[in-house]
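Residue numbers (the numbering used here), protein chains in the order written: chain A, 85 to 311; chain B, 4 to 827; chain C, 14 to 104; chain D, 8 to 468. Think of the CB as a built atom: it goes at the ideal place given N, C-alpha and C, for glycine as much as any other residue. Since the structure is predicted, the reported quantities are computational estimates derived from the model, not experimental observations.
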Amino acid sequence: MTRWGMVIDLDRCTGCGSCMAACHQENNLAAVGPEESSRDRAFHWLRVLPEVSGSGAEVKVRYVPQPCVQCDDPPCVRVCPVHATYLGEEGIVAQIYSRCIGCRYCMAACPYNAKVFNWYEPEWPGDLKQGTNPDVSLRPKGVVEKCTFCHHRVVKAREEARAAGREIRDGDVTPACAESCPARAIEFGDLEDPTSRVSELTRSPRAFRLHADLGTRPKVYYLAERD
Amino acid sequence: MIVPRREFLKMLGVATGTLGLGGCDRDWLVPDRLVELAQRGPGLESQVPTICGLCESGCGLTVRLVDGLPVGLKGNPHHPLNRGGLCPVGQAGLEVLYAPNRLRAPQRRGAGGELEPVSWEDALAEVGGLLGKMRSEGQGSRVALLTDEPGRLFHDLAARFAQAVGSPNISSTKSQGLLPFTLTQGIAQVPGFDLDKADLVMSFGLELFEDGPAPLHAISAMVGSRQTEERAAHIYAGTRLSAGSSRAEVYVPIEPGTHGALALGVAHVLVREGNYDRDFVAEHTFGFEDWIDDQGRERLGFRRLLLERYYPDRIARICGCDAATVVRVARRLGEAAAPLAVVGGEGSQGSNATWTGVAVHSLNALLGVFDRPGGVSLPPPIPLTPLADPETSSLEQAESIFAPGGSVGAFGVDAVEKLAERVIDGTYPIDLLIVVSSNPVYSSPAGQRLSQAMEQIQSVVVLTPFLDETSAHADLVLPTHVFLESWQGTTTPAAVAFSTLGLGKPVIEPLFDTRHPGDVLLELGRAAGGPAGAALPWVSYPDYLKERMEGLVISGEGSVVTGSFEESWVHFLEERGWRFLEHRSLENFWAALERESGWWNPVPARGDWARLFRTPSGRFEFFSQTLERHLRDVGGMTADVEMSEEEALERGIAAMGSQVDGDEVLLPHFEPPIASGAGELQLLPFRPITARGHLAAVSPMVAEMFGYPFLDGWQTWAEIGTDTAHDLDLADGDLVAVESDRGSIEAVVRVHPAAVPRTVHVPVGLGHVQPGGVADGIGSNPIEIVEPIRDNLSGVLSTTSSRVSLRLLRRRPHGGPAPMDGGH
Amino acid sequence: MESQSEPRWILGLQIASVSMIWVFVLSISAWILHLLRLSRRLHDVPSASVGISIVAIPVFLLGAAVLTYVFVGLRRGREAPDESTLEPEEK
Amino acid sequence: MTSVNDKGVSAGGLEFEDQDLLRSIEDSGVGFRVVSTLLCLVILTAWVIFGRQILRGLGVTGLNQPVAWGFYIVNFVFFIGISHAGTLISAILRLSQAEWRRPITRMAEVITVVVLAIGAFHPVLDLGRPDRALNIFTAGRLQSPLLWDVSSISAYFMASTVYLYIPMIPDIALLRDRGVRPRWLYQFLAWGWQGTPRQQAVLERAVGILMVLVIPIAISVHTVISYIFAMTLQPGWHSTIFGPYFVVGAIFSGIAALMMVMIVLRRIFHLERYLKQVHFDYLSRLLLIMSLLWFYFTFSEYLTAFFGNEPSEMRVFYYKVTGPYAPFFWSMVVANFLIPAILLSFRRTRTIPGIFIASTSVVIGMWLERLNIVVPSLANPRLALPTGYYIPSLVEWVMFAGGIATFMLGFVIFARFFPLISVWEIQEGRKLSIAETTERLEGYLPDPVPSAATPPMTEGG
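This is the structure in structure tokens:
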């Protein structure tokens, strides 16, 4: 059984924002517009998070691309009253838009603020709807949504694998963010398979996870900058 | 498996392609047929490569089509420039295609000043007729053409068009910043910088990973296609720490416009410590040591100049950094195996941009990186079929409106400014102005002047997919395809070490009644009739492209990219021997190009010093004889009395208005930047990656992530340092008016801990006037308020020479710390 | 007599309401049991949740029981001899 | 007219002296209609606004990322808290045989039932998809604290309704016998009460069971509510003390609300004869104690957070203590601690007005406390995200008003049909308590020295 994980190398990341944009396009995230985003309603499944350390001449700013970290012990799943979010068997924390009642308890419980809410019906000015990705459903208003590790691609890959008469394995899937990264800072693959690139990288001394102390066991790892 | 999983699949809708498009309440602008197809189609998928036309880079794209409708874009891994990566703006390609404010038919400005739809036939007949008339009356020079359509191929066609209608007036609105290379290398192009093999790149003001001709190339070359251990390090010297530069190994914050000084300081340390490439300097440079000219006069050498004038302490004073940093950086450069010094961004926008460029480039000379892997070289020429001379010789070629001329002393001009001024002061009448894929009124500091000039020009024709600032002054607006609908031929962007040629083919038929600018020019030529038509024999733009490509087939140089970048390389090498295998005939080649969308030639001609240094001395000139001659001529022109060379030179220098004297003028030196205006802060407009391409503002996604490094969108921000904010008692999120002597714009304060004191950085990209567009009237455009100070050597207008002050309009509406100190 | 002269439908209504209570209570208990089964099937975090919901069931039953007890009790109590009064001594 | 005449609870009794208690029922003036229409208008508006919210989406509120919870949840916790006034208090008082409870219990129980209903509805207001609320029943998941709430609140609601109803039966019977209209209603609800000894016995046993039953439920309910927050990992929420802290707060606000209600109704229905200074005196002592208790809990809660000095905790802490929420935080402390402590400690200020002010400030203060618990933790994410903010929209204010109006309407309607003070308990008090209490008192006293002369008078109470 595969367990999908991601490794983001902050030493390679140049903060270009491609992953963010790719995620938007791949997953049909509708822009909320100027008014709404001025009210902090803008949302991204993956955001580039600025982190400042030091000050004065020694100041360091680093940009951390942060998708849902896909915990193995997700606080959001524990609190969902209707089983609208759950931990899939391949380790992907999924959201069922058709069942979510929009209580936003999962948002309140997520220590990573990885979940976002459709405050209004998503809007597609002009013909933008034409350009949406048919593999990913458009969300209705009033439901919570989140990064799915491009689950639709996983599904596709699994079908292809099945057609090829084998199990889905490492390297079959690349999420949109990893695919679009010009610095190739994002690796995606199977953490179960000890030989996979990702599990290799997770053993690097530079590897760390966001708030590993919370015991949520995220499957998104980061590699610290070298210098 | 448990129930919810099934539901989950259902929701993710692997089988619900229709869900994506179903239930559309709006009336559709795209042809119903397409909607029908999208909703009921069999759902057949295909991947088609093409070229991104949103900015000058021309990255490779792979378009995902379902039933022939594009539903997704990603970087083309085969393309040698971006190698699979794709910037945020590129990602927004589909939003540009389906944007609500696409122009759907030609528009003519009626009597009432309102735009009214008009048929293509009438529109073209009208303009063509006018062209024909002017040409036959020998008034061709009253036609002017401004185009920013990327790539040499289109530019050649436009030039041919101008020629055909007898006009010498064609220019791009963008300045390439060639002059430093002309002065030092005697070449009229930006040389290639081999980022693929450089191991340390020192950037003077150029946000390598965000700005410049091809940021995605920089990312993939320096990081993307290397192992983490081998990725190129970089050092950034500038006034602002962008997201990309925050990865720099060293960040040297310096006063605005002092990049050149820093470069010279570094040079000083290199020379003093003997840490430079002696052989190269000895063999291939001119004017390093003191020398005696043919009149037997003692001339100042670069070495002495450096050692006497540019010692670190002085540099530290000028740049506001500390001397130790200068030394540290210099040593780091000296030790590096394959160092590079590049300039750009704010470094090439000051009033002293040319001198900055020269100083930085002379670093490359000291480091002796020319013509070697990881260094500076000329990309191999692209053997396009040359255009046969048209029989327009009958027309005597008038002087171009863009000719520098006059006693200003500048090598070149700022096209937009020149056009505007000469039309307004009536010294060069223009009756027909054609603007292609460019929005100078928005993007040029002389924009306002241009719009005044446009009012005086009898007829202004603008080719654009969207109504914008420039088309607002047009008498005729001709809607063009967006890139996904059109054939594109792009050529290597500036500063790339290898040469590429991109062939983009349309992935969807035009949604509306639009045309390709190339086709429009061809038709106009035909409509003008006579020799004009004859000079533009091609039926259509792709037809023209095909003819130009033939040259590649004949030469057999380079190869069509295949597989990943690395594979292409291998493939390329294999192919050297029996190269004709692949493109034996034009047809095969064309087919291959269509299939792969890219041709490239990665091998520079090594050891061809004559081609690299076309200076009088045939070497890299620290002491620029080119400049010396130029200044003599200029000096000569100032008065029509006979005068000695020295006198002429003196006068020339005076005319140019340098702040140093003697030979130093002709050597790489530091010209203090000019800043005008009353304010206490220096305004430095910059172009974030989200502002690439003049179509960016039509995409809601790009607008929403416009300020993503601050988790911000839909607004123009004014970035200031922590202490500046403290001094001005401003907090992150405050709304301020940025006020220069020329005007005032609104912006939201963003406090960045690493911004240099007394500077304010405002991104271009928003503040558009685009009727019907999602970002129409959102944000503001800093270019509106910059003082048009001229770089006296290149004639280009500086955008970073204005002093401004910030006036608080409204405090941050709600409390809480800013993104940059969130959680700290 | 006043209270004897209550129309019958009132009595019907009363019985109906009491049985309604039972329907309500039983259905809630059934629901909670259903949830327990569900959480077992989904391998949810049991402990606390199970405990808390299990105590809920008896509460409901008890509430309903008390109501019924009172209802029945009062009806029985009615057929008391006429001299029935409230003696302080009564405990 | 009635069968049970002579001494005791007999309704038609010539010496019926509790007319005041039935006035609101037997001659409800125009006042009732006016007030209830006004309240209905407010409530109607709230419903219209709610409808609009359902149609347009939750965007009409002031919520955002990261502050995904606001007024609705705050008020949910607040109202449920208030609801602890009643049943719990009356149960405790009954259990401890506090004689002064008699005029108080009924109102307390009414508060509980009404407010509980309102509070329990608030989460529905907060849903992005109220149309799917029933998913809770089809696909509910017990591991979610929200489900614990659903079950415990409904249990509490059931228990307290029964607990309100059963002790009311004799009064209903009284009204029935006095022929108050609508006749059928009282006949239906009286369950044929005649006050026979057996009926009395049944009644008392039932009440006895209920009051024991209600206390643990009441406590569990608010503990579970606190779990909604405490079970997450969020700084400022993830605290073991939250259960008791919430319960204390609940009882605290409950008593305050109870006294407010008592004072107001006392004024409106001229119940001065029943609700005397002494009642308020006792209750306000209780309030004072709760205030101190509350302060103790708050203190230890924040001290541990502060002393632990865990970064994300501190971010929340400072957000409250010195940051944007400082005004709310400190006014909470003042309203919950300083004001009541001062006003209720001195006999001179422990007057009815003084008590009214104190209780009002406590109710407001407790609302502020809920606000201080819900918003700041959400506004300060663990990650280096910008600090959030939350400004409730008009919609949320209207819904809040709607909630309060519903509360008032509930009371008005109840007062229109049922006595706000338990008539029979008062009368029972008159008839029996004195004797019974003296007896009990003597039971407490040491037995007199046994002498052959006089036999012991009782075997203890």
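Minimum Cβ-Cβ distance from residue 133 (chain A) to chain B less than 9 Å: The count along the first sequence starts at 1 and reaches residue 133 (chain A) at position 49. Judged by the 9 Å Cβ criterion, residue 133 (chain A) is in contact with chain B.
CB contact check: residue 139 (chain D) to chain A, cutoff 9 Å: Position 132 of the fourth sequence holds residue 139 (chain D). Any Cβ of chain A closer than 9 Å to the Cβ of residue 139 (chain D) would place that residue at the interface, and such an atom is present.
DSSP-derived helix/strand/coil call for residue 86 (chain D): Numbered from 1 along the fourth sequence, position 79 holds the residue referred to as residue 86 (chain D). Correct three-state label for residue 86 (chain D): helix.
Length of the line joining the Cα atoms of residue 678 (chain B) and residue 806 (chain B): Mapped onto the second sequence, residue 678 (chain B) falls at position 675. Mapped onto the second sequence, residue 806 (chain B) falls at position 803. Looking at the two C-alpha atoms, the distance is approximately 6 Å.
Residue 60 (chain D) - partner residues in DSSP beta bridges: Numbered from 1 along the fourth sequence, position 53 holds the residue referred to as residue 60 (chain D). Under the DSSP definition of a beta bridge, residue 60 (chain D) lacks any partner.
Beta-carbon contacts of residue 656 (chain B) that lie in its chain and below 8 Å, excluding the five residues immediately before and after: Here the question's residue 656 (chain B) lines up with position 653 in the second sequence. Hits under 8 Å: 634, 638, 664 and 668.
Extent of the continuous beta strand (DSSP E) run through residue 380 (chain D): Translated into positions along the fourth sequence, residue 380 (chain D) becomes position 373. Per DSSP, residue 380 (chain D) belongs to no beta strand (DSSP E); it is in the alpha helix (DSSP H), 359-386.
Residue from D:236, D:152 and D:210 with nearest C-alpha to residue 177 (chain D): Within the fourth sequence, residue 177 (chain D) is the residue found at index 170, counting from 1. Selection D:236, D:152 and D:210 evaluated against residue 177 (chain D) yields D:210 as nearest (Cα-Cα).
Candidates D:383, D:421 and D:343: closest to residue 331 (chain D) by CA position: Here the question's residue 331 (chain D) lines up with position 324 in the fourth sequence. Checking every option, the nearest Cα to that of residue 331 (chain D) belongs to D:383.
DSSP beta-bridge partners of residue 829 (chain B): Absent from the model: residue 829 (chain B). The displayed extent of chain B is 4 to 827, so no value can be given.
8 Å CB neighbourhood of residue 75 (chain B) in its chain, flanking five on each side removed: As a first step, residue 75 (chain B) must be located in the second sequence, where it is residue number 72. Result list for residue 75 (chain B): 66, 67 and 97, in chain order.
Cross-chain neighbours of residue 72 (chain C) in chain D, by beta carbon under 8 Å: As a first step, residue 72 (chain C) must be located in the third sequence, where it is residue number 59. Taking a Cβ-Cβ threshold of 8 Å, the residues of chain D close to residue 72 (chain C) are 162, 165, 166, 220 and 224, in chain order.
Supposed close pair residue 760 (chain B), residue 482 (chain B) - CB separation, criterion 8 Å: Taking the first residue of the second sequence as 1, we reach residue 760 (chain B) at position 757. Taking the first residue of the second sequence as 1, we reach residue 482 (chain B) at position 479. Between residue 760 (chain B) and residue 482 (chain B) a beta carbon distance of about 47 Å is seen, past the 8 Å cut, so the two are scored as non-contacting.
Per-residue burial, residue 13 (chain D) [other beta carbons within 10 Å of its own, 16 or more giving buried]: Mapped onto the fourth sequence, residue 13 (chain D) falls at position 6. Residue placement at residue 13 (chain D) is flagged as unreliable, the pLDDT there being 39, under the threshold of 50; the coordinate-derived value follows with that caveat. Classification for residue 13 (chain D): exposed.
Residue from D:137, D:326 and D:454 whose Cα sits closest to the Cα of residue 225 (chain A): Here residue 225 (chain A) is taken as the residue at index 141 of the first sequence, counted from 1. Considering only alpha carbons, the answer is D:137.
Strand pairing of residue 76 (chain B), partner residues [DSSP]: Start at 1 with the first residue of the second sequence, and residue 76 (chain B) comes out as number 73. In the DSSP assignment, residue 76 (chain B) forms a beta bridge with B:66.
For residue 645 (chain B) and residue 413 (chain B), the rounded distance between their alpha carbons: Stepping through the second sequence from its first residue, residue 413 (chain B) is reached at position 410. Stepping through the second sequence from its first residue, residue 645 (chain B) is reached at position 642. Cα to Cα, the separation comes out at about 22 Å.
Buried versus exposed call for residue 2 (chain B) [16 or more other C-beta atoms within 10 Å across all chains shown]: This structure leaves residue 2 (chain B) out entirely; chain B is present only between 4 and 827.
Same chain only: Cβ atoms within 6 Å of residue 782 (chain B), ignoring 5 sequence neighbours per side: The residue labelled residue 782 (chain B) in the question sits at position 779 within the second sequence. The beta carbon of residue 782 (chain B) lies closer than 6 Å to those of 718, 719, 769 and 770 in the same chain, with the five residues before and after it left out.
Any 3 or more C-beta pairs closer than 8 Å across the segment 54-73 of chain D and the segment 192-207 of chain A: These segments touch.
Test: residue 304 (chain A) CB closer than 9 Å to a CB of chain D: Here residue 304 (chain A) refers to the residue found at position 220 when the first sequence is read from its first residue. It does not: the Cβ of residue 304 (chain A) has no partner Cβ on chain D nearer than 9 Å.
Same chain, Cβ closer than 7 Å to residue 127 (chain B), neighbours up to 5 away in sequence not counted: The count along the second sequence starts at 1 and reaches residue 127 (chain B) at position 124. Setting aside the 5 residues that flank it on each side, residue 127 (chain B) is surrounded in the same chain by 526, 527 and 530, each with a C-beta closer than 7 Å to its C-beta; the list follows chain order.
Residue nearest to residue 333 (chain B) in terms of C-alpha spacing, selected from B:497, B:205 and B:242: Sequence index remark: in the second sequence, residue 333 (chain B) carries index 330 (1-based). Among B:497, B:205 and B:242, the Cα nearest to that of residue 333 (chain B) belongs to B:205.
CB contact below 9 Å: residue 733 (chain B) versus chain E: Among the chains of the structure shown, chain E does not appear; the protein chains present are A, B, C and D.
Any C-beta of chain D under 9 Å from that of residue 184 (chain A): Position 100 of the first sequence, counted from the start, is the residue given in the question as residue 184 (chain A). So, interface residue.
Residues sharing a beta bridge with residue 112 (chain B), DSSP: In the second sequence, counting from the first residue as 1, residue 112 (chain B) sits at position 109. Bridge partners of residue 112 (chain B): B:118.
Cutoff 6 Å; reference residue 666 (chain B); Cβ partners in own chain excluding five residues on either side: What you label residue 666 (chain B) is simply residue 663 of the second sequence in a count that begins at 1. These residues qualify, in order along the chain: 302 and 303.
Pick from A:188, A:278, A:236 and A:296 that is closest to residue 162 (chain A), judged by C-alpha positions: Here residue 162 (chain A) refers to the residue found at position 78 when the first sequence is read from its first residue. It is A:188.
Sufficient close CB pairs (3 or more, under 8 Å) joining the segment 114-125 of chain B to the segment 341-352 of chain B: For the pair of segments examined, the segment 114-125 of chain B was found not to touch the segment 341-352 of chain B: the number of CB pairs separated by less than 8 Å stays below three.
Cβ pair residue 306 (chain A), residue 89 (chain A) closer than 9 Å: If you number the first sequence from 1, residue 306 (chain A) lands on position 222. If you number the first sequence from 1, residue 89 (chain A) lands on position 5. Taking the C-beta atoms as reference points, residue 89 (chain A) is found no nearer than 9 Å to residue 306 (chain A).
Identity of the residues DSSP links to residue 271 (chain A) by a beta bridge: Along the first sequence, read from residue 1 onward, the residue named residue 271 (chain A) stands at position 187. Listed as beta-bridge partners of residue 271 (chain A) by DSSP are A:91.
Span of the alpha helix (DSSP H) around residue 748 (chain B): The residue labelled residue 748 (chain B) in the question sits at position 745 within the second sequence. It is not in any alpha helix (DSSP H) - residue 748 (chain B) instead sits in the beta strand (DSSP E) that spans 746-755.
Residue 346 (chain B) in three-state terms, based on DSSP: Within the second sequence, residue 346 (chain B) is the residue found at index 343, counting from 1. Of the three classes helix, strand and coil, the one that applies to residue 346 (chain B) here is strand, per DSSP.
Proximal residues, the segment 233-245 of chain B versus chain A, C-beta separation under 9 Å: Under the 9 Å Cβ criterion, the segment 233-245 of chain B contributes 234, 236, 244 and 245.
Chain B within 9 Å of residue 197 (chain A), Cβ atoms only: As a position in the first sequence, residue 197 (chain A) is number 113, starting the count at 1. Residue-level contact check: residue 197 (chain A) does not touch chain B, since none of the beta carbons of chain B fall below 9 Å from its beta carbon.
When B:71, B:726 and B:297 are compared against residue 754 (chain B), the one with the closest alpha-carbon: Within the second sequence, the letter at position 751 stands for residue 754 (chain B). Looking from the CA of residue 754 (chain B), the closest CA among B:71, B:726 and B:297 belongs to B:726.
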